[in-house]
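Novice: Just passing along the structure, written as structure tokens.
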Amino acid sequence: MTNHWNDIKNANLVLVMGGNAAEAHPVGFKWVTEAKAHNQAKLVVVDPRFTRTAAVADLYAPIRTGSDIAFLGGLINYLIETDQIQHEYVRNYTDMTFIVKEGYGFEDGLFNGYDAESRSYPNKSDWDYELDANGHAKVDPSMSHPRCVYQLLKKHYSRYTPELVSQICGTPLKRMMEVWDTIAETAAPGKTMTILYALGWTQHSIGSQIIRAGAMVQLLLGNIGMLGGGVNALRGHSNIQGLTDLGLLSNLLPGYLTLPRDNEQDYDAYIAKRAQQPLRPGQMSYWQHYGRFHVSLMKAWYGDAATKENNWGYDWLPKLDEPMYDVLKYFDMMYEGKVNGYFCQGFNPIAAFPNKAKVGAALARLKYLVIMDPLVTETSEFWKHVDDYNNVDTASIQTTVFRLPTTCFAEENGSLVNSSRWLQWHWKGGDAPAEARPDVFIMGNLFHHLRDLYKKEGGAFPDPILNLNWSYQRPDEPSPEEIAREFNGKALADLKDPNTGETFLRAGQQLSGFNQMRDDGSTASGCWLFCGSWTENGNQMARRDNSDPYDMGQTLGWAWSWPANRRILYNRASADPSGKPWNDKDKRLVWWDGKKWTGTDVPDFAAGSDPADKMNPFIMNPEGVARFFARGNMAEGPFPEHYEPFETPIGRNPLHPKFPNATSNPAARVFRNDMEIFGTADEFPYAATTYRLTEHFHYWTKHCRLNSIMQPQQFVELGEVMCKELGIKAGDRVRVSSNRGFIEAVAVVTKRIRPLQVDGKTVHHVGIPLHWGFVGVAKNGYITNTLTPFVGDGNTHTPEYKSFLVNVERV
Amino acid sequence: MASTQDIIARSATTTTSSSIRQVDEVAKLIDTTLCIGCKACQVACSEWNDLRDEVGSNVGVYDNPNDLTADSWTVMRFEEHQTTEDDLEWLIRKDGCMHCEDPGCLKACPSPGAIIKHANGIVDFNQDKCIGCGYCITGCPFDVPRISEKDKKAYKCTLCSDRVAVGLEPACVKTCPTGAIVFGTKEDMKEHANWRIADLNRRGYENAGLYDPLGVGGTHVMYVLHHADKPEMYSGLPKNPTISPFVGAWKGVTKPLAMLAMAATAMAGFFHYIRIGPNRVEDDTHTQGTSAQVQHFDPSESRDPSQGE
Numbered sequence: 009m010t011n012h013w014n015d016i017k018n019a020n021l022v023l024v025m026g027g028n029a030a031e032a033h034p035v036g037f038k039w040v041t042e043a044k045a046h047n048q049a050k051l052v053v054v055d056p057r058f059t060r061t062a063a064v065a066d067l068y069a070p071i072r073t074g075s076d077i078a079f080l081g082g083l084i085n086y087l088i089e090t091d092q093i094q095h096e097y098v099r100n101y102t103d104m105t106f107i108v109k110e111g112y113g114f115e116d117g118l119f120n121g122y123d124a125e126s127r128s129y130p131n132k133s134d135w136d137y138e139l140d141a142n143g144h145a146k147v148d149p150s151m152s153h154p155r156c157v158y159q160l161l162k163k164h165y166s167r168y169t170p171e172l173v174s175q176i177c178g179t180p181l182k183r184m185m186e187v188w189d190t191i192a193e194t195a196a197p198g199k200t201m202t203i204l205y206a207l208g209w210t211q212h213s214i215g216s217q218i219i220r221a222g223a224m225v226q227l228l229l230g231n232i233g234m235l236g237g238g239v240n241a242l243r244g245h246s247n248i249q250g251l252t253d254l255g256l257l258s259n260l261l262p263g264y265l266t267l268p269r270d271n272e273q274d275y276d277a278y279i280a281k282r283a284q285q286p287l288r289p290g291q292m293s294y295w296q297h298y299g300r301f302h303v304s305l306m307k308a309w310y311g312d313a314a315t316k317e318n319n320w321g322y323d324w325l326p327k328l329d330e331p332m333y334d335v336l337k338y339f340d341m342m343y344e345g346k347v348n349g350y351f352c353q354g355f356n357p358i359a360a361f362p363n364k365a366k367v368g369a370a371l372a373r374l375k376y377l378v379i380m381d382p383l384v385t386e387t388s389e390f391w392k393h394v395d396d397y398n399n400v401d402t403a404s405i406q407t408t409v410f411r412l413p414t415t416c417f418a419e420e421n422g423s424l425v426n427s428s429r430w431l432q433w434h435w436k437g438g439d440a441p442a443e444a445r446p447d448v449f450i451m452g453n454l455f456h457h458l459r460d461l462y463k464k465e466g467g468a469f470p471d472p473i474l475n476l477n478w479s480y481q482r483p484d485e486p487s488p489e490e491i492a493r494e495f496n497g498k499a500l501a502d503l504k505d506p507n508t509g510e511t512f513l514r515a516g517q518q519l520s521g522f523n524q525m526r527d528d529g530s531t532a533s534g535c536w537l538f539c540g541s542w543t544e545n546g547n548q549m550a551r552r553d554n555s556d557p558y559d560m561g562q563t564l565g566w567a568w569s570w571p572a573n574r575r576i577l578y579n580r581a582s583a584d585p586s587g588k589p590w591n592d593k594d595k596r597l598v599w600w601d602g603k604k605w606t607g608t609d610v611p612d613f614a615a616g617s618d619p620a621d622k623m624n625p626f627i628m629n630p631e632g633v634a635r636f637f638a639r640g641n642m643a644e645g646p647f648p649e650h651y652e653p654f655e656t657p658i659g660r661n662p663l664h665p666k667f668p669n670a671t672s673n674p675a676a677r678v679f680r681n682d683m684e685i686f687g688t689a690d691e692f693p694y695a696a697t698t699y700r701l702t703e704h705f706h707y708w709t710k711h712c713r714l715n716s717i718m719q720p721q722q723f724v725e726l727g728e729v730m731c732k733e734l735g736i737k738a739g740d741r742v743r744v745s746s747n748r749g750f751i752e753a754v755a756v757v758t759k760r761i762r763p764l765q766v767d768g769k770t771v772h773h774v775g776i777p778l779h780w781g782f783v784g785v786a787k788n789g790y791i792t793n794t795l796t797p798f799v800g801d802g803n804t805h806t807p808e809y810k811s812f813l814v815n816v817e818r819v
Numbered sequence: 065m066a067s068t069q070d071i072i073a074r075s076a077t078t079t080t081s082s083s084i085r086q087v088d089e090v091a092k093l094i095d096t097t098l099c100i101g102c103k104a105c106q107v108a109c110s111e112w113n114d115l116r117d118e119v120g121s122n123v124g125v126y127d128n129p130n131d132l133t134a135d136s137w138t139v140m141r142f143e144e145h146q147t148t149e150d151d152l153e154w155l156i157r158k159d160g161c162m163h164c165e166d167p168g169c170l171k172a173c174p175s176p177g178a179i180i181k182h183a184n185g186i187v188d189f190n191q192d193k194c195i196g197c198g199y200c201i202t203g204c205p206f207d208v209p210r211i212s213e214k215d216k217k218a219y220k221c222t223l224c225s226d227r228v229a230v231g232l233e234p235a236c237v238k239t240c241p242t243g244a245i246v247f248g249t250k251e252d253m254k255e256h257a258n259w260r261i262a263d264l265n266r267r268g269y270e271n272a273g274l275y276d277p278l279g280v281g282g283t284h285v286m287y288v289l290h291h292a293d294k295p296e297m298y299s300g301l302p303k304n305p306t307i308s309p310f311v312g313a314w315k316g317v318t319k320p321l322a323m324l325a326m327a328a329t330a331m332a333g334f335f336h337y338i339r340i341g342p343n344r345v346e347d348d349t350h351t352q353g354t355s356a357q358v359q360h361f362d363p364s365e366s367r368d369p370s371q372g373e
């Protein structure tokens with residue numbers, strides 16, 4: 009979230025799109041109730057299904073799954089055409105005035121530079137600004153230059169007329185305009201809309217670009233950095249925010265630092281590429297300090313072994329030969345027989361990844377599989393024949409499965425990072441049963457075992473293992489407190505103020521903020537973003553002061569929020585260029601008091617930067633402003649463009665009907681053998697989408713009696729009209745099949761899924777909850793991901809769980 | 065449990081109750097317009113009251129368990145209405161005991177003290193004295209009590225009388241994430257409802273209102289409804305609930321009888337005989353059949369089982 013849960017109460021309008029907050033986040037949803045009750049806010053829901061969120065909404069609009077960019081692109085066009093934008097905000101705080109290189113272009117559904125062979129844009133150098141002699145981006149404050157971002161944006165979305173958008177999305181025109189008009193009201197400088205989204209935006213082959221389109225709408229309306237504004241990802245696991253913060257994706261290092269590619273063998277070039285210098289005069293460009301964060305990380309990992317002479321151990325870092333070893337890539341390799349062993353820690357891939365048949369076959373080709381989990385999972389029993397639910401030939405599976413029971417979060421101390429970016433410390437509630445051990449105990453022992461082997465037997469490259477710094481009190485089981493202190497970081501030498509020469513931190517003392525980090529090896533920090541969470545004043549994550557002096561829900565004394573305890577990101581943008589809040593009455597967040605920045609939140613800005621110096625709010629971007637034009641950062645182009653799901657019910661992209669190359673995302677993650685098993689609408693006529701229910705959490709709570717009582721048995725949701733055609737009644741058993749397999753479930757027949765008119769066709773949706781499987785106390789069911797396609801977003805490689813094609817029959 | 069002095073009415077008893085204490089009447093207010101149907105209240109009820117129903121089946125609707133049972137004292141009822149071509153309403157109502165000011169169950173109950181009413185308005189069942197006759201079901205205009213298959217006694221929501229007696233709110237209120245269930249004095253709850261209704265009026269719900277039906281003297285569980293003029297839209301919430309005339313007809317006979325302990329016992333046996341049959345060891349099949357019969361005895365049944373469609 010750019011903002012945070014409590015801040016939702018400050019919104020004038022809550023848009024839930026690509027999510028179902030009431031069902032998936034019922035506790036956090038109380039802040040929507042607060043906004044409605046105390047702020048007279050409206051709630052608008054846009055979703056293929058009339059959900060439990062829609063049940064309490066003021067306005068609901070249906071939309072075809074996977075068509076969100078069309079909806080949002082149409083809205084961008086509408087806001088520009090009807091001049092309902094926050095002009096001062098857009099002119100000053102975004103890239104609208106920036107001039108783009110001449111080579112940039114968009115034609116026949118593709119941006120310039122597409123290579124059909126590799127399904128990618130190998131050269132994105134023209135997707136960038138024109139620079140002047142000083143290396144600064146050229147701008148046109150009048151925004152009339154034909155290649156300024158404003159003109160390019162306007163042109164790009166002029167194709168998204170209301171009529172065409174309505175045809176693509178299936179949203180009735182009148183209702184769509186009602187939603188757009190309601191949203192447009194928040195262009196007023198004093199009004200804000202918050203966007204709450206979740207995996208309904210993420211899990212598409214165009215997921216990242218859907219989210220960008222949402223952010224662009226918020227920028228046009230001046231709703232980023234504002235109280236009650238923002239683009240807010242509601243996280244689906246209690247600590248999934250922490251997972252990304254700590255870099256547990258194959259191409260990341262902690263704190264959103266990045267692993268080098270294999271063509272980046274030179275350390276200085278690696279740093280220089282990431283330590284971006286300001287692209288406009290007077291801008292902060294905070295990533296220019298990349299080196300400090302990187303060196304501090306390497307000092308935390310390798311201690312004394314990381315020296316200036318060995319480039320702080322740069323050679324010990326893996327260099328990626330692929331952009332990313334994401335789950336799709338890895339399971340494809342496993343499927344191809346290229347993987348011997350797999351450690352599966354707190355994950356249930358056969359249930360959670362697309363195309364169960366492929367994942368099951370991949371696991372069966374492993375020599376060994378190690379499961380670390382508090383629960384029995386379907387993955388740990390993938391070899392077991394369970395009726396039609398897991399119809400495998402056990403005898404033919406030779407994989408050795410080791411099951412290591414682990415503690416769950418309530419059985420250990422630690423911190424969770426929630427959607428609000430708060431690190432909240434929690435305390436052990438009870439002992440773990442039987443032989444369950446903390447994950448860190450298992451990993452710690454594995455590490456020692458491996459290190460002993462490397463010591464004894466050598467090996468191809470023992471240095472990264474042998475040099476690792478492991479100075480914990482109990483080497484076999486580092487404590488959560490020690491690890492948390494290590495993430496925060498400490499001084500390795502006395503730190504002196506460069507101006508006064510005064511020592512402000514002694515060697516060994518905890519750092520109080522990432523601004524104290526150095527790139528000379530005198531500081532160590534396991535995750536620069538978490539610096540400030542455990543200082544010399546103790547564990548800041550354990551703070552529980554909920555006082556809220558401005559009654560705006562900021563509670564700066566409750567837990568600790570990255571970065572630097574700031575609760576709302578880019579909050580400098582809540583004030584006008586002169587430093588005065590856009591709305592001084594009930595939307596004041598931070599302001600310039602004549603000498604410094606102050607306010608109800610920790611300013612996300614240089615505290616002493618006088619507005620006259622014209623530093624801009626988006627301090628992480630080298631240009632200082634927010635981007636409508638993504639430059640070269642996105643796989644499929646600088647502006648979000650609507651592409652159809654890979655399994656599309658209409659078979660063409662109404663924006664580019666004559667160009668099959670531009671039907672679906674031309675730069676999505678897809679493998680050849682999966683491409684071959686995509687279904688088409690003649691055989692699989694219904695648009696399917698998968699989701700969670702409020703009664704269950706993922707594949708966990710089917711182990712709990714009470715959750716299973718509340719939602720005991722697998723079902724699918726089908727619209728009344730479609731069921732009339734197929735002769736299906738509520739309670740009938742139906743078979744839902746895709747080109748990858750089938751499931752059988754009880755039919756819930758509902759008015760809440762209505763047929764949509766799309767591109768001259770009637771499109772019916774099929775809603776498929778995902779919680780069931782073949783272990784647990786709920787009634788056995790089929791793995792929903794038997795049906796889903798093995799294709800991912802071009803940037804995150806997140807699979808397209810939300811849009812695919814199925815057929816439905818009564819059984 | 066509240067002390068006996070706070071009991072102001074007992075089934076099948078004419079003894080006057082003490083009344084010198086000043087006790088505020090309480091009420092639970094359920095705001096259907098804020099309810100997201102998450103069923104956290106169902107879970108909290110089961111947890112606090114140590115109830116574990118069967119893991120059932122899905123019969124084609126969201127309602128699970130599909131009906132109130134002796135082990136599920138509250139359930140969410142979902143009903144869909146197409147209001148205009150483009151508009152739909154999914155009305156979700158938490159169903160359970162309404163704790164009537166004039167409780168039909170208590171009036172109908174032939175067993176002395178099996179059903180009591182506290183001065184604060186809570187209507188409670190005392191299973192020690194319940195004879196399992198099922199007349200409380202007949203007396204209830206809301207079809208709430210259920211006879212357990214395990215012990216043949218009647219059960220329903222207690223409004224967490226044990227929690228309320230020590231100053232806590234009912235478990236469902238404590239757990240509700242959106243504040244759709246609130247608890248306090250009846251007066252305060254009416255005021256809270258007025259505030260909510262004003263908000264709903266502003267949002268275009270002209271007929272928003274409070275459900276506190278006079279036919280049963282008002283209730284200690286009240287609803288805020290978007291459509292107070294049409295409570296039937298909420299899975300058959302009765303518009304003008306009243307106690308069945310049947311209850312009044314035999315009340316005159318049973319009351320004097322009830323004063324005689326022997327007679328009451330005899331009658332208990334009689335009712336037990338006609339409802340459950342003689343106590344004897346049955347073969348499995350027969351027992352199941354009998355149980356099913358008991359569970360289905362439900363003269364006030366009026367709900368369409370396909371109401372979720």
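Chains as they are written, first to last, in the working numbering: chain A, 9 to 819; chain B, 65 to 373.
Note that beta-carbon positions come from the ideal geometry of N, C-alpha and C, so glycine has one too.
Which residues mark the beginning and the end of the alpha helix (DSSP H) in which B:C236 is found?
Specialist: That run of the alpha helix (DSSP H) goes 235-239.
Novice: In three-state terms, what does DSSP make of A:P472?
Specialist: If DSSP states are grouped into helix, strand and coil, A:P472 belongs with the helices.
Novice: Pull up the DSSP beta-bridge partners for A:P777, would you.
Specialist: Beta-bridge pairing links A:P777 to A:Y699.
Novice: Could you check what DSSP says for A:G800 in three-state terms: helix, strand or coil?
Specialist: Residue state, collapsed to three classes: strand.
Novice: How would you call B:V119, buried or exposed, if buried means at least 16 neighbouring beta carbons within 10 angstroms?
Specialist: Classification of B:V119: buried, given that the 10 Å Cβ count is 16 or more.
Novice: Could you check how far apart the C-beta atoms of B:A104 and B:C240 are, in whole angstroms? I think they sit under 8 Å.
Specialist: Going by Cβ atoms, the distance from B:A104 to B:C240 rounds to 6 Å, so yes, they are a contact pair.
Novice: Can you tell me whether A:D329 is buried or exposed? The criterion is at least 16 other CB atoms within 10 Å of its CB, across all chains shown.
Specialist: It counts as exposed.
Novice: Pair every Cβ in the stretch 484-503 of chain A with every Cβ in the stretch 333-347 of chain A, then say whether three or more of these pairs are closer than 8 Å.
Specialist: Verdict: no, contact absent.
Novice: Contact criterion: CB-CB distance below 9 Å. Does A:M718 meet it with respect to chain B?
Specialist: It does: the Cβ of A:M718 has a partner Cβ on chain B nearer than 9 Å.
Novice: I need the straight-line Cα distance from A:G632 to A:N399, nearest angstrom please.
Specialist: Going from the Cα of A:G632 to the Cα of A:N399 covers about 56 Å.
Novice: DSSP three-state call for B:A178: helix, strand or coil?
Specialist: DSSP places B:A178 in coil when its eight states are reduced to three.
Novice: Taking Cβ-Cβ distances shorter than 9 Å, what residues in chain A pair up with B:T97?
Specialist: Correct list: V64.
Novice: Can you find a CB in chain A that lies within less than 9 Å of the CB of B:Q352?
Specialist: With a pLDDT of 39 at B:Q352, under the threshold of 50, the modelled position of this residue cannot be trusted; read the value that follows with caution. No, because no Cβ of chain A sits closer than 9 Å to the Cβ of B:Q352.
Novice: Leaving aside the five residues before and after A:N793 along the sequence, list all residues of the same chain whose C-beta is less than 6 Å from its C-beta, in chain order.
Specialist: If we look at A:N793 and ignore the five residues flanking it on each side, its Cβ neighbours are P362, K364.
Novice: With a cut-off of 8 Å, do at least 3 Cβ pairs link the stretch 282-299 of chain A to the stretch 221-228 of chain A?
Specialist: No: the two stretches stay apart, fewer than three of their Cβ pairs being nearer than 8 Å.
Novice: Looking at the C-beta of A:F723, does it have a partner C-beta in chain B at a distance below 9 Å?
Specialist: For A:F723, the answer is yes, since a Cβ of chain B falls inside 9 Å of its Cβ.
Novice: Closest by CA to A:G608, which one among A:A32, A:A49, A:D559, A:M380?
Specialist: In the sequence under discussion, the amino acid at residue 608 of chain A is Thr, which differs from the Gly named in the question. A:T608 has its Cα closest to that of A:D559, out of A:A32, A:A49, A:D559, A:M380.
Novice: Is A:V409 helix, strand or coil when you go by DSSP?
Specialist: Correct three-state label for A:V409: strand.
Novice: Is there at least one Cβ from chain B nearer than 9 Å to A:N715's Cβ?
Specialist: Interface residue, yes.
Novice: Taking all protein chains shown into account, decide if A:G143 is buried (16 or more other Cβ within 10 angstroms of its Cβ) or exposed.
Specialist: So A:G143 ends up on the exposed side.
Novice: Under 8 Å by Cβ, that's how I've got A:K821 and A:G290 pegged, so tell me the actual separation to the nearest angstrom.
Specialist: Since the displayed chain A opens at 9 and closes at 819, residue 821 of chain A lies outside it and no answer follows.
Novice: Go ahead and pull the three-state DSSP assignment for A:K162.
Specialist: Helix at A:K162.
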